[in-house]
Amino acid sequence: MTTTTPSAAWLALREPADAAARARELVGEVRQRLAGRSRITVHDLGCGAGSMGRWLAPRLPGSQHWVLHDRAADLLDQAIRHPPSGAADGAPVTVEARQGDVTRLGAGQLAGADLITASALLDVLSGDELLRLVDSCVRADCPALLTLSVIGRVELTPSDVLDTVIDGAFNAHQRRETARGRLLGPDAVRVAADRFRRRGMQVLVRSSPWVFGADDGALLIQWFEGWVAAACEQQPSLASPTRGYVERRLNEIAAGRLRVVVHHHDLLATP
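Per numbering that gives the first Met the number 0, the sequence shown starts with residue 0, numbered consecutively.
Take a look at the structure:
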């Protein structure tokens, strides 16, 4: 998989927002599925710097072993150096790293998994990559908790006439054609849910929005500038009319007046 690797700085900046957004209801479902097991093995696909493990491990009881998969060696190293602190009941949590492409997992690479997780992964995959990933999860015959996939809806308050234009161009960028095929972007959760159901899995989908306000200035600036940049890359004619828009929005962020909701969905598939 050749998606652009997110920077460690961006992953660190967004980690608290990710933690606040994820659907806790689905964690309750996972706990029920894993109840009674004294030790569980969790495979975290596209783990980045390990934020999913640091969030989820303390919410699950019992001894845990996390197998961290990512193609970026530097991010895997960070994840190993900053593992989860422990399980919900104080039981130990161990980690190991496996570098590679999570969309091309071999038949035995998820063997023995009790739970598969991923965060902010599905929406950067092409259609073929996502189907291969889903099929790997189905073969593992265990729950798969796949969180924080964008769904193509952003709300900015106060509103501006350019909001919808930029959001449309951004969503087109998320669905752009690449050497790996057309990316799914906001369609990823729907496609994944359909594939899981066709393979006989039960699927739950829940909302997991980022909500940014006056206390999130640094993260809001990073998100906003990236959002506009992707839109202008997709539709270069936006570069000129967005200059004044960007200045206005950055002034609103600095004054603590801009509120943004970036909608995501979390998906839990169970055998």
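Ideal placement from N, C-alpha and C gives every residue a C-beta, glycine not left out.
Here the structure is a predicted model, which is why all the values come from computation and not from measurement.
For residue i: DSSP bridge partner residues
i      : result
TRP209 : VAL261
LEU266 : LEU145 and VAL204
LEU182 : SER125
ALA117 : LEU44 and LEU145
Which listed residue (the options) has its alpha carbon closest to that of residue i
i      : options                           : result
ASP113 : ASP193, ALA86, HIS64 and LEU249   : HIS64
ILE150 : ASP265, ARG53 and THR269          : ASP265
VAL164 : ARG258, ALA254, ALA230 and ASP88  : ALA230
ARG21  : GLU232, GLY89, VAL204 and GLY167  : VAL204
THR177 : ASP127, ARG138 and VAL188         : ASP127
ALA78  : ALA253, ALA96 and CYS141          : ALA96
LEU33  : LEU155, GLU24, GLY61 and ALA8     : GLY61
ALA171 : LEU161, ASP186 and ALA48          : ASP186
ALA90  : ILE115, ARG70 and SER37           : SER37
GLY99  : ARG23, GLY47 and PRO235           : GLY47
PRO270 : GLN108, ILE115 and VAL188         : ILE115
ALA268 : PRO157, ALA117 and ALA192         : ALA192
GLU24  : ASP215, TRP222, SER206 and ASP214 : SER206
VAL101 : ARG196, LEU132 and ALA86          : LEU132
Alpha-carbon spacing of residue i relative to residue j, whole angstroms
i      : j      : result
GLU28  : LEU237 : 44 Å
ASP159 : THR241 : 11 Å
ARG247 : ARG256 : 11 Å
ARG258 : LEU55  : 27 Å
ASP122 : ASP134 : 17 Å
GLY35  : SER239 : 60 Å
LEU144 : ALA217 : 29 Å
GLY212 : LEU219 : 8 Å
PRO57  : ASP88  : 8 Å
ARG30  : ILE39  : 11 Å
VAL26  : GLY52  : 13 Å
THR2   : ASP166 : At THR2 the pLDDT is 44, less than 50, meaning the model places this residue with poor confidence; the figure from the coordinates comes in the next sentence. Rounded to the nearest angstrom, the two C-alpha atoms are 21 Å apart.
ALA117 : GLY180 : 21 Å
ALA106 : LEU249 : 48 Å
SER148 : GLU224 : 19 Å
DSSP three-state assignment for residue i, whether helix, strand or coil
i      : result
ALA18  : helix
MET0   : Low local confidence applies: a pLDDT of 37 at MET0 is under 50, so the model's placement there is unreliable, with the coordinate-based value given in what follows. The answer is coil: DSSP assigns MET0 none of H, G, I, E or B.
LEU10  : helix
ALA86  : coil
GLY99  : coil
ASP162 : helix
GLU63  : Note that residue 63 corresponds to Gln in the displayed sequence, not to Glu. Strand at GLN63.
ARG36  : coil
Proximity below 8 Å, CB of residue i to CB of residue j
i      : j      : result
LEU104 : SER50  : no
GLY184 : GLN173 : yes
ALA16  : TRP209 : yes
LEU182 : LEU124 : yes
HIS81  : GLY45  : no
ALA71  : THR4   : yes
GLU154 : VAL66  : no
ALA139 : LEU109 : yes
ALA86  : VAL92  : yes
Contact with chain C by residue i, beta-carbon distance below 8 Å
i      : result
GLN201 : No chain C appears in this structure, which consists of one protein chain only.
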